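Structure record follows, encoded as structure tokens.
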Amino acid sequence: MDVMTDPGTTGRFGAYGGRYVPESLIPACHEIEAAFREAWSDTEFRGRLTMLLSVYAGRPTPLTPAWRLSRELGITLLLKREDLTHTGSHKINNVIGQALLAQRMGKRRILAETGAGQHGVATATAAALLGLEATVFMGERDIERQELNVLRMEVLGAEVVPVTSGSRTLKDACNEAMRHWVSSVDDSYYCIGSVMGPHPYPWMVREFQRVIGEEAREQCAAELPYGVPDYVVACIGGGSNAVGTFAGFVDTAARLVGVEAEGGAAATFGRAGVLHGFRSLVLQNDDGQVTEAHSVAAGLDYPGIGPEHAHLRDAGRARYETVNDDEVIRALRRLAHTEGILAALESSHALAWVIRAAESGGIAPGSTVMLTLSGRGDKDIASIKEML
Amino acid sequence: MDVMTDPGTTGRFGAYGGRYVPESLIPACHEIEAAFREAWSDTEFRGRLTMLLSVYAGRPTPLTPAWRLSRELGITLLLKREDLTHTGSHKINNVIGQALLAQRMGKRRILAETGAGQHGVATATAAALLGLEATVFMGERDIERQELNVLRMEVLGAEVVPVTSGSRTLKDACNEAMRHWVSSVDDSYYCIGSVMGPHPYPWMVREFQRVIGEEAREQCAAELPYGVPDYVVACIGGGSNAVGTFAGFVDTAARLVGVEAEGGAAATFGRAGVLHGFRSLVLQNDDGQVTEAHSVAAGLDYPGIGPEHAHLRDAGRARYETVNDDEVIRALRRLAHTEGILAALESSHALAWVIRAAESGGIAPGSTVMLTLSGRGDKDIASIKEML
Amino acid sequence: MNASLEEFLIARRDTGRSLLVPYVTAGVTPKWTEVVHAYVDAGADAVEVGFPFSDPMLDGVTIQEASDRALAAGTTVRGILDEVATLDVDVPVVAMTYSNLVFQRSAAEFCAALRGSGLRGLIVPDSPLEEVGDLADAAAAEGLDLVLLAAPSSSRARLREIAGRSRGFVYALTRMGTTGEGGEISEQAARLGRELKELTDRPVLFGFGVAGPERAAELADHADGVVVASALMRRLLDGAGAGELGEYVSSIRRALDQGARWAVHPATAPSPTT
Amino acid sequence: MNASLEEFLIARRDTGRSLLVPYVTAGVTPKWTEVVHAYVDAGADAVEVGFPFSDPMLDGVTIQEASDRALAAGTTVRGILDEVATLDVDVPVVAMTYSNLVFQRSAAEFCAALRGSGLRGLIVPDSPLEEVGDLADAAAAEGLDLVLLAAPSSSRARLREIAGRSRGFVYALTRMGTTGEGGEISEQAARLGRELKELTDRPVLFGFGVAGPERAAELADHADGVVVASALMRRLLDGAGAGELGEYVSSIRRALDQGARWAVHPATAPSPTT
Ligand SMILES: Cc1ncc(COP(=O)(O)O)c(C=O)c1O
Ligand SMILES: Cc1ncc(COP(=O)(O)O)c(C=O)c1O
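Protein chains in written order, with my numbering: chain A, 115 to 502; chain B, 115 to 502; chain C, 102 to 375; chain D, 102 to 375.
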């Protein structure tokens, strides 16, 4: 199937993607694309990345059977444990890759936007590791919700810039990071945290995240009778952990399911549009004004979706589901009680859908489900407490 | 050398150890010792433990070179990354072992004391995993300092009991857990969090933690020119991560160094005494009243030290050093800035000593130092922030 | 007025006049069309009307605020078009907005609607050369001039293509950055102006950070004129009415006219014989 | 008084009397020795004096609080010994404390000091059989009776050893738990008392949770008497003086005496001929 391939120089995934940025940024995008293409085919670069992911970030991550919950649900549920990586979410996979690229390009500083703060923490981390500076843009509302991560970034030596425009969440942080990048593109590298932004980002981030899916594919092959799970499920903010996961299973018979927050479900309620440099499905009103997303999970508070997901949806290769905040909190608590694993609110979206589908027969009894647990819930503890 | 062996049925490590508990608990201690001896020589039990440590808890943990800090210090510093385990510290190694044992013994509930909260979180986690109940005793002062971990335990379904007696820290939580255990010994298993308590705990916990040292030994053998580091360093509260680490290197030429908090340095400022069921070095006044320990690190706020450490000190096989709170905070920040790793305050004690020794020539330039990074610092972020 | 935006501006420039294009965000006040009139009365050669967008990636705080205010007041594309249609001004009006509004239905539909309300040009800062194909065709079909942006970072090859494909004028960014006041004239800006002038006879206008009459005049030295946006919107947000804004535009007009008198524009100065 | 603790208690028991050993934490009030006298006057057969320890692992909240208060007031081992030395009472005084105080210098030194102040016995709840070797020797050398504890969880084999090695009396724990009031008499306690009585002729006294005269009398039915601690310390902490505490002990004394009158103690009842 013609999906999940190289999107070419125009960065198209079917009708989506592209490079909708001001002329000022075009040369930078070209430069990054060229540098990435070169690096990605350089075995030394890939060796260095693989080494850091293993020796520093803790890869491969285990594939843990959810023993007790599986029994309760009548399915076999396997969890790909991105929560066990250094800094506690899959974001580190992408960031180490991009930071190495920034270093290779001779940049002095990394810029990033962040929602839940996980991408910001990962960026601050990779910058420290490689001796680069880091500036992270974060919506004021998210700063309140994710205080722990703000403090982590600061202790790691990063500058956290509060964004006060718009809904004061991830989408506004993206705008602000982009603005800042325009004015500092000479010495700064913009490290985007999900499969969004202008080409080559959605593709490059997918490539850096495909390690999730490739590892999981191998682990499933080693452990499952038929080698491949029936379902492969991941939560979707921008969609990087999902795309990275899907990349490992796209050529199998596994059903791919992306789960969005009901209040930020661009794949379900969005229309085609252009936001943050790419064309995709976007939550917006009739006029094209972008709607604010709402979710308990700061990392899913995004009104768009990575362009490749829009394409996978159109192509029928993946389907997209939504869950609401209540289901998410219940799923988080249930996993904590049955398995002793505290998942991130974001990841708990994927879990909430699996629980609902298994309990309603949407997933047939006896099915095998591979779920990417994109991150750990420590960052969310304060918000969870409030909601109980 | 006759150290780090089986301490026999009396649980003696040289002049230390033993089983100083009320008669009511003696049968329970015997029962646990018998069950552990049996389990430890049962390949199925060990297989199950190894499987859970790998598939669930993320072992083996990487050995990460501290690239930039090594260069600054003129040594080769390797970090054993216990911070990357599930729940974020070495405590999980021991707890999974003991929880499996409790299950094997048919207990319904696990009791635990906790200081920094890491052992409590680990206990709540393992209890959930195996479908047991968990009750965790924690000093009121530590509850304030480690709020995040309290919330984690609660979300995991554990009951957290605030301890208001004495200094309201770890030592009082131990007393209270012991008291509670006496009255519930039939259906409850007391899961001690460090190499302390009555026999067989100090020995059993060492055996469950030796996986740290054994992995590190292998990793060093694979990566170092001479196969063994010049120094092996770990922080010491009760001493479990240190003992577990030392166990892998005790038969090599490596110098073993345990680092305590200046305000809780039983190996340096203590005298022989009996506390919490074992004989060891204890901080106390002339009369034998136990002194309160003081440290920024809740997990090191303990006036005693595991009996085996007292023995290793007397035997000259390990040495024990102290660092103060200021050095610790500086070390934590330095590692964050140079390597992008946020270490626990506890672990930062070991680091602080290495930095001081390397900078003062106490560790010769060019030396190789293997340091156990016992846990991650997320739990400490709020306290660190306050102290800046 | 039957001339296209480009014809109109070239004709004016060729009289030796430095071009002045002031900006207003549609809907920022209920009486924003009065501002357009005030601009024209003060000597504007064209007026740029911003269609507010929720996520104006290339705009600094001032225009973000103006956009937010307009949207909060319920401004819609249809409403703006209706108001623009009632404008009775003798200089061209140019729309400026982001891709997401343009591609809502289709570029053709959007361009037809603009043209239907009398607009003469369109600026879409987040649709660079690579993404502009359909839109350029649609605009051309409607006789709407699609203005492209050129940046200090653009390569010579890209500048050539931009200069070649832009219509109406070439929008030269004075700097790498967002809209907003302040900043010195950089050697960069001067060079960009010179390069573009070498590449095309189309008017080249500077935009971004054109604040105050002196700066406008200085910049105009290196091209054919300026777009003034944030400096005006700042004053408007701070409470200035159409009258004050008109005076401010007049002051820039005067500075440009004086500057133009002694400026050396070898390529574009009217020949001594006219 | 030349008799050992054990001789003294056996003699009293053998008169058909249920033994009563009240407890006080040394130093809990400046006048704690008055409490000892009040106990004796109220009919105590021995008095247990607690040497407070910072970490009293086997004590419930009441005795913890009493210990903390005594320590906060500056109570030291030396000070307690000096005060005990001035006591002029005609029943044995027994020390109760934790291992860490005992092993400070050496067991021998500690025992010698106790004996030097006239103490006749020693209870160390966290030194079980396995750890008690040196201490038992040192105590024996000083003629000090080392009282061992027996628990409901102890196996018959251990009970036999405890009964055999304990001196003075055997301290039978009524329940699995810490010191402190409350709780029903359990079948467990009764069984423990019976088993110990079968194993030894030494006095067997119940301790832990002996609150109030009825409970004391009930328990005494199953052994030779009781130790009363938390119930007294609770009253003291709540403000009761030596007089009131003495009255409370008297009430227990009376209950024991009445109970003893109709109680069935096959093994220990004075033979009808005495
Ligand atoms: C733990 C976690 N999971 C998922 C996401 C969503 O990002 P993406 O959809 O790119 O995987 C985030 C974003 O912050 C996150 O922190
Ligand atoms: C991260 C960490 N390191 C070290 C310790 C100290 O324990 P130990 O000395 O038993 O390793 C603790 C205790 O809570 C801890 O949380």
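Glycine is no exception: its CB is placed at the ideal position from the N, C-alpha and C atoms. Model, not experiment: these values are computed from the prediction.
Query, Result
"Is the beta carbon of B/S203 within less than 8 Å of some heavy atom of ligand 2?", "yes"
"For B/F251, I'd like the list of residues in its chain whose CB is within less than 6 Å of its CB, leaving aside the five on either flank, ordered along the chain.", "E227, V275, V277, A287, E290, A291"
"Is there a Cβ from chain D that is less than 9 Å from the Cβ of B/I498?", "no"
"Using the Cα positions of C/D322 and C/G294, report the straight-line distance between them to the nearest angstrom.", "9 Å"
"Using the beta-carbon count (16 or more within 10 Å), is B/T283 buried or exposed?", "buried"
"List in chain order: all unbroken beta strand (DSSP E) runs of 3+ residues lying wholly within the segment 202 to 238 of chain A.", "223 to 228"
"Could you tell me which residues DSSP pairs with B/R427 in its beta bridges?", "B/R427 is not bridged to any residue."
"Relative to ligand 2, is the shortest distance from any of its heavy atoms to the C-beta of A/T178 smaller than 8 Å?", "no"
"Kindly indicate if chain D contains any beta-carbon less than 9 Å away from that of B/I326.", "no"
"List, in order along the chain, the chain B residues whose C-beta lies closer than 7 Å to that of D/Q165?", "S279"
"Please list the segments of the alpha helix (DSSP H) lying wholly inside the segment 322 to 359 of chain D, counting only runs of 4 or more residues, in order along the chain.", "331 to 338"
"With a cut-off of 8 Å on the beta carbons, I'd call B/R433 and B/L456 a contact; round off their distance for me.", "Incorrect: roughly 28 Å between the Cβ atoms, too far for contact."
"For C/V305, I'd like the list of residues in its chain whose CB is within less than 7 Å of its CB, leaving aside the five on either flank, ordered along the chain.", "F270, V271, A273, G294, L297, K298, A324, D325"
"Is there a C-beta anywhere in chain B that falls below 9 Å from the one on A/E186?", "no"
"Helix, strand or coil: which one does DSSP assign to A/I498?", "helix"
"Rounded to whole angstroms, how far is the Cβ of A/G307 from the Cβ of A/H204, which I believe are closer than 8 Å?", "Going by Cβ atoms, the distance from A/G307 to A/H204 rounds to 10 Å, so no, they are not a contact pair."
"Who are the Cβ neighbours of B/E261 in its own chain at under 8 Å, not counting the five residues just before and after it?", "A496"
"Is B/P136 closer than 9 Å to B/V396 when the C-beta atoms are compared?", "no"
"Does the beta carbon of B/Y130 sit closer than 9 Å to a beta carbon anywhere in chain D?", "no"
"Who are the near neighbours of D/S256 in its chain, counting only those whose CB is closer than 8 Å to its CB and skipping five residues on each side?", "none"
"Straight-line CA distance for D/G265 to D/A241?", "14 Å"
"If you follow the beta strand (DSSP E) that A/Y303 is in, where does it begin and where does it stop?", "302 to 304"
"Inspect the beta-carbon positions of B/A248 and A/T452 and report whether they are closer than 9 Å.", "no"
"In the DSSP assignment, find the alpha helix (DSSP H) that holds D/V162 and state where it starts and stops.", "162 to 173"
"Taking its Cβ as the centre, do 16 or more other Cβ atoms sit within 10 Å of D/P153, making it buried, or is it exposed?", "buried"
"Taking all protein chains shown into account, do 16 or more other C-beta atoms lie within 10 angstroms of the C-beta of B/S168, making it buried, or fewer, making it exposed?", "exposed"
"Please work out which residues of its chain come closer than 6 Å, Cβ to Cβ, to A/V299, disregarding the five sequence neighbours upstream and downstream, and give them in chain order.", "A142"
"Using only the alpha-carbon positions, how far apart do C/R170 and A/R133 sit?", "28 Å"
"By the criterion of Cβ-Cβ separation under 7 Å, what are the contact partners of A/G245 in chain B?", "R182"
"At which residue ranges does the segment 114 to 193 of chain D contain complete alpha helix (DSSP H) runs of 4 or more residues, listed in the order of the chain?", "133 to 142, 162 to 173, 178 to 187"
"According to DSSP, simplified to helix, strand and coil, what is B/S394?", "strand"
"Measure from the alpha carbon of C/G219 to the alpha carbon of each residue in C/R259, C/N103, C/D146, then state which is nearest.", "C/N103"
"For A/S488 and A/T199, I'd like the C-alpha separation in whole angstroms.", "10 Å"
"According to DSSP, is D/D246 helix, strand or coil?", "strand"
"If we call anything under 9 Å between Cβ atoms a contact, is D/A147 one with D/G222?", "yes"
"Please classify B/E158 as buried or exposed, where buried requires at least 16 neighbouring CB atoms within 10 angstroms.", "exposed"
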